[in-house]
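Structure first, then comments.
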Amino acid sequence: MGQGTSSPELPSSWIEILPTITGEDILRSSKKRCRVSEDKRVYLDDEIFDLDEHVPLALEILSTHPPLKDVRFKLVPGRMMEERFWAALFGILNDGGVDIDEVVGDVAIDDDYETGDEVEVDNINNNGGSPHGKAAQVHQYDQMNTEGQASADAPPSYLEEIKAQQELISRLQKSLREANHKIRKLSLEVHKERKKRHDEGVSNGETQQEHSGQSPSLCPRCNSKLGSQPQQQHSGHWEMHPDCKEFLKLDEHLKENLRKEKEKRLNEVLSQMKFILDSDEMKDTYGKWSCCGKEEYEAEECKE
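Residue numbers (our numbering): 12 to 315.
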């Protein structure tokens with residue numbers, strides 16, 4: 012395979028057709044018109060397709076229509092081998108373009124479609140006379156022919172999409188970090204405010220207890236006086252019961268309500284257990300009359 016001194020001239024019909032060819036058109040042509048034999052030979056319409064004979068035209072096509080480089084980059088070698096790509100493309104060009112009726116009536120190409128002739132990239136540079144070697148030569152000629160135009164070519168669209176998605180992810184991650192920082196800051200402020208209110212409440216309760224002219228409060232657990240100093244001095248300190256601590260933290264109206272409830276309960280218990288503590292007479296037992304429901308033994312008689 013040798014490189015000609017002058018580039019071949021493309022038919023004017025090809026120049027008009029090239030901008031209309033898409034990757035799906037090439038996949039469709041490859042599926043219906045191309046096949047690969049066991050010895051890796053590519054057939055176009057049951058005739059052997061020799062890439063060596065088409066290399067000059069292939070380079071001229073890439074030079075005339077640069078967007079086709081992106082299409083080729085997406086399909087070769089992941090979806091098909093080099094020779095099959097060009098066989099499918101030349102099949103479309105030789106037929107005068109894409110058959111519109113065929114495209115409209117055809118089923119959409121699946122992204123997972125496999126041609127059955129995927130090749131290993133590591134073997135592209137080996138066996139110069141094999142189809143793999145020919146594919147490597149096409150890559151080399153393509154690079155030599157388009158080196159001066161590399162800066163003018165636009166990047167593939169999928170790279171722009173990936174870049175946009177990465178920028179979006181970065182913005183979302185930044186917003187998430189800022190939101191977490193605000194949440195932690197607000198939580199700390201709420202904790203400080205709660206602690207401040209709790210300390211102020213305890214301090215106010217102790218001050219009121221110290222300056223109050225009323226008698227010392229009674230502990231709801233043991234009914235003993237709170238706040239009174241022991242008559243004898245001890246070497247240690249007084250360990251107040253947790254129930255007493257909780258009682259001292261309550262507001263005055265809550266303390267009064269709790270005292271009434273405890274007194275009511277104590278009176279009920281004393282009344283119920285009086286027959287054990289004082290006597291074993293019937294009148295001191297607790298219960299109720301079945302006729303009127305009264306709970307006192309000496310209650311007035313009821314009228315049935």
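Using N, Cα and C, we set each Cβ at its ideal position, and we do this for glycine too. The structure presented is a predicted model; accordingly, all values stated were derived computationally and were not measured.
Alpha carbon of residue i to alpha carbon of residue j, nearest angstrom
i      : j      : result
ASP295 : GLU279 : 13 Å
GLN184 : GLU211 : 41 Å
HIS202 : CYS302 : 60 Å
GLU94  : SER24  : 23 Å
LEU261 : ARG276 : 20 Å
TYR169 : ALA69  : 24 Å
LEU62  : ALA175 : 38 Å
VAL47  : ALA99  : 12 Å
GLU27  : GLY34  : 17 Å
LEU269 : LYS256 : 14 Å
GLU54  : LEU187 : Just to set this straight, residue 54 is Tyr in the shown sequence, not Glu. Roughly 56 Å between the two C-alpha positions.
GLU200 : SER214 : 21 Å
GLU312 : HIS264 : 40 Å
LEU179 : SER198 : 29 Å
ARG182 : GLY89  : 32 Å
MET251 : ASN191 : 42 Å
ILE194 : GLN177 : 26 Å
TRP300 : GLU292 : 17 Å
TRP249 : GLU204 : 30 Å
LYS206 : GLN244 : 34 Å
GLU6   : SER17  : Here the chain covers residues 12 to 315 and nothing more, so residue 6 does not appear.
GLU189 : ILE173 : 25 Å
ASP81  : GLU49  : 29 Å
Sequence-distant residues of its chain with Cβ nearer than 6 Å to residue i (five each side left out)
i      : result
VAL196 : Checking the displayed sequence, the identity of residue 196 turns out to be Lys instead of Val. Cβ neighbours of LYS196 beyond the five flanking positions: none.
ASP56  : ARG44
TYR308 : LYS294
ALA119 : Confidence is the limiting factor: at ALA119 the pLDDT is only 42, short of 50, which leaves the residue's position unreliable, though a coordinate-based value still follows. Around ALA119: no qualifying Cβ.
GLY247 : none
ALA310 : none
Nonlocal neighbours in the same chain, by C-beta distance under 8 Å from residue i, ignoring five residues either side
i      : result
GLU171 : none
GLY298 : GLU306, TYR308
GLY304 : none
Proximity test, residue i beta-carbon vs the ligand MN heavy atom, cut-off 7 Å
i     : result
ALA98 : No copy of the ligand MN appears in this structure; indeed no ligand is present at all.
Pair within 8 Å by beta-carbon distance, residue i and residue j
i      : j      : result
PRO67  : PRO19  : yes
LEU86  : LEU79  : no
ARG83  : PHE96  : yes
LEU38  : HIS76  : no
LYS103 : ILE59  : The sequence given here has Ile at residue 103, not Lys. No, the pair does not count as a contact, with Cβ atoms beyond the cut-off.
LYS266 : PHE258 : yes
Residue i burial status per 10 Å Cβ neighbour count (16 or more: buried)
i      : result
ARG208 : exposed
SER40  : buried
ASP106 : exposed
MET91  : buried
LYS145 : Its pLDDT being 48, under 50, LYS145 is placed unreliably in this model, and the value from its coordinates should be taken loosely. Looking at its Cβ environment, which holds 16 or more other Cβ atoms inside 10 Å, LYS145 is buried.
Proximal residues to residue i (C-beta, below 7 Å), its chain only, five neighbours per side dropped
i     : result
HIS65 : TRP97, PHE101
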